[in-house]
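Colleague:
Residue numbers (the working numbering): 16 to 581.
Okay, structure coming up:
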């Protein structure tokens, strides 16, 4: 079998080549800093203040900068999450807050998100028929509680994805969808047998949701709750609901000389203006990722007035603002009602809420799998909403038994209230009256997972632009198919595309699957999102613009702070 150190994921053809030829990347550990660790021991982790204090502006980067150990990176978050269990959550901020405590078998290169490199696995090989993937694990990796990480831990995680315990709802089933069984011939070796050759398997096991969680905790507790017990570069020091999350350096991390930081503290600042003020003064140095971490106008202010000390990266979110319609109960179990809703939604007006950070899309975001814009703009809702469209939508409602319109409710959180109000306003034109039920994030997450809602505007994002992930939004039993839509033809095509290695043939199936999902109004997509991520220039070895979407490499083991951030 042929060995490779790295490979790009931007081309499915490249992944196909690896599947057919076999691959065994064995990237070396990251280079140590010019200043040897032995001569410059890391400082003791400092206790971050609960209220961050302003700092002086950072100078421009110096060409000869060398990594420095120590200091706490201070960041802002805007909301408390429902869980830190990375297999259960569908929330990007949960990964943002917890991933730095965990490791994956493979990982996306933090300096180039188009490449996959080793993490817990130092190498892997794919059999000639593409149905067996063999991982060789690093030796002497330890969990944060001191237990040795072994192949049995990998097997436990795959078993959990495939057959979760009763009462546990896995939102990332796609990771193991192609897996038939897992064998552990040695403590440092794992053989994963696939039901069929899968072009998506290797990219999926490199994403943050594929983090290895600790069997020793889950056997007793079923879920991680708000615990973080991994093998990653940082340990959870404290989680204080309503205050923030504190992480400290893992002194026993398996990559020697990492991480550079003593810790990372994330402060809860729900108010947009207060969060931006903290960023502007240096009380925090970044807001990390989220749709509301910084508004478009704030991003423009940062670019034009703070360019001496801040960068603002604009990156694709790899996620959509969508409307989940509960297809298990009236009125949205009737396709005519869903079609009427979809037809009445003017995407161009909806995108005004995004203030320039949105564009039209179907189930797949812009990229190699997307339906072309010129096809989408021929459809009602995507081409605008004319009087004839409103009349047709009302006629569909009448056919479904709602000649005078209908009343329904929308599950929302503060994060999605603007989008939900925009939907509420547009649907009045066809006689649909929407009452908005605003709840806190943990409650909303629980109700979405349990399909305890009628309508809900939400932003489901994915780590990579892969059909196995995005099409699963409309597949029966899909981990993030919160509306529980079901259609046998879509299910069959989904299975077919997942097993198809030829990229062009797979694309044909992916496109027709999206067309059928549009015809059935399975999941109305308002628009796909772009993100602005602000960070001070004195944060080094941080390359968000080279990542893709929400779930790039979030371990942050290589980040260090230069003068002005320390």
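All C-beta atoms in this analysis are idealised placements derived from N, C-alpha and C, irrespective of residue type, glycine included.
Given the structure is predicted, the values throughout are model-derived calculations rather than measurements.
Go to residue 319, then tell me how far its alpha helix (DSSP H) extends in each direction, as first and last residue.
Modeller: Start and end: 311-320.
Colleague: State the beta-bridge partners of residue 424 as determined by DSSP.
Modeller: Looking at the DSSP assignment, residue 424 forms a beta bridge with 450.
Colleague: Spatial neighbours of residue 400 within its chain, please: CB distance less than 7 Å, with the 5 preceding and 5 following residues excluded, ordered by chain position.
Modeller: The answer, listed in chain order, is 359, 361.
Colleague: Would you check if there are 3 or more beta carbon pairs closer than 8 Å linking the segment 529-548 to the segment 305-324?
Modeller: Verdict: yes, contact present.
Colleague: Which residue comes first and which comes last in the beta strand (DSSP E) that contains residue 138?
Modeller: Taken as a continuous stretch (DSSP letters only), the beta strand (DSSP E) holding residue 138 covers 136-141.
Colleague: Can you tell which of 355, 466, 243 has its C-alpha closest to the C-alpha of residue 441?
Modeller: Among 355, 466, 243, the Cα nearest to that of residue 441 belongs to 355.
Colleague: Just checking, does the segment 174-189 make contact with the segment 229-246 on the three C-beta pairs under 8 Å criterion?
Modeller: With the cut-off at 8 Å, the segment 174-189 and the segment 229-246 touch.
Colleague: Have a look at the DSSP bridge pairing and note the partners of residue 205.
Modeller: Looking at the DSSP assignment, residue 205 forms a beta bridge with 150.
Colleague: Between the beta-carbon of residue 456 and the beta-carbon of residue 160, is there less than 8 Å?
Modeller: No, these two residues do not count as a Cβ contact at 8 Å.
Colleague: Can we say the segment 453-471 touches the segment 481-500, given the rule of at least three CB pairs closer than 8 Å?
Modeller: The answer is yes - the segment 481-500 touches the segment 453-471, with three or more Cβ pairs under 8 Å.
Colleague: Please list the terminal residues of the continuous beta strand (DSSP E) segment that includes residue 393.
Modeller: Run containing residue 393: none; DSSP gives neither H nor E here.
Colleague: Residue 480: buried (16+ other C-beta within 10 angstroms of its C-beta) or exposed?
Modeller: Result: buried.
Colleague: DSSP on residue 547, reduced to helix/strand/coil?
Modeller: The answer is strand: DSSP assigns residue 547 an E or B state.
Colleague: Apart from the five residues just before and just after residue 365, which ones in its own chain have a Cβ nearer than 7 Å to its Cβ?
Modeller: The answer, listed in chain order, is 437, 541, 542.
Colleague: Which residues does DSSP list as the beta-bridge partners of residue 10?
Modeller: Given a span of 16 to 581 for the chain in the structure shown, any question on residue 10 remains unanswerable.
Colleague: From which residue to which residue does the beta strand (DSSP E) around residue 253 run?
Modeller: Element bounds for residue 253: 249-255.
Colleague: In the DSSP output, which residue or residues are listed as bridge partners for residue 261?
Modeller: Per DSSP, 253, 280.
Colleague: So for residue 58, helix, strand or coil by DSSP?
Modeller: No answer about residue 58 holds up, because its pLDDT of 31 lies below 50 and its placement is not dependable.
Colleague: Per the DSSP calculation, residue 286 is bridged to which residue(s)?
Modeller: Residue 286 pairs with nothing; no bridge assigned.
Colleague: When the Cα of residue 286 is compared with those of 272, 84, 308, 255, which residue comes out closest?
Modeller: Comparing Cα positions, the closest option is 308.
Colleague: Reducing DSSP to helix, strand and coil, say where residue 82 ends up.
Modeller: The answer is coil: DSSP assigns residue 82 none of H, G, I, E or B.
Colleague: Can you give the Cα-Cα distance for residue 559 and residue 128, rounded to whole angstroms?
Modeller: Using only the alpha carbons, I get a separation of about 9 Å.
Colleague: Given this structure, state the Cα-to-Cα distance separating residue 523 from residue 220, to the nearest angstrom.
Modeller: Roughly 25 Å between the two C-alpha positions.
Colleague: To the nearest angstrom, report how far apart residue 459 and residue 491 are at their CA atoms.
Modeller: About 21 Å.
Colleague: For the alpha helix (DSSP H) that contains residue 340, what are its first and last residues?
Modeller: Segment 325-340 is the beta strand (DSSP E) holding residue 340; no alpha helix (DSSP H) there.
Colleague: What three-state label does DSSP hand residue 402 in the structure shown?
Modeller: Three-state result, residue 402: helix.
Colleague: May I ask which residues mark the beginning and end of the alpha helix (DSSP H) holding residue 436?
Modeller: First-last of the alpha helix (DSSP H) with residue 436: 432-442.
Colleague: Going by CA-CA distance only, name the one from 419, 373, 186, 397 that's closest to residue 104.
Modeller: Cα-wise, what sits closest to residue 104 is 186.
Colleague: Count the other CB atoms within 10 Å of the CB of residue 389; is the residue buried (16 or more) or exposed (fewer)?
Modeller: Looking at its Cβ environment, which holds fewer than 16 other Cβ atoms inside 10 Å, residue 389 is exposed.
Colleague: Considering only DSSP beta bridges, list what residue 133 is partnered with.
Modeller: Per DSSP, 121.
Colleague: Is it buried or exposed, residue 238, if we count other Cβ atoms within 10 angstroms and call 16 or more buried?
Modeller: That one is buried.
Colleague: Can you list, in chain order, the residues of its chain with a C-beta nearer than 7 Å to that of residue 293? Leave out the 5 residues immediately preceding and following it.
Modeller: Here the set comprises 67, 91, 284, 299.
Colleague: Do you know how far the Cα of residue 88 is from the Cα of residue 124?
Modeller: Between residue 124 and residue 88, the C-alpha separation is close to 21 Å.
Colleague: Which residues share a DSSP beta bridge with residue 88?
Modeller: Answer is 279, bridged to residue 88.
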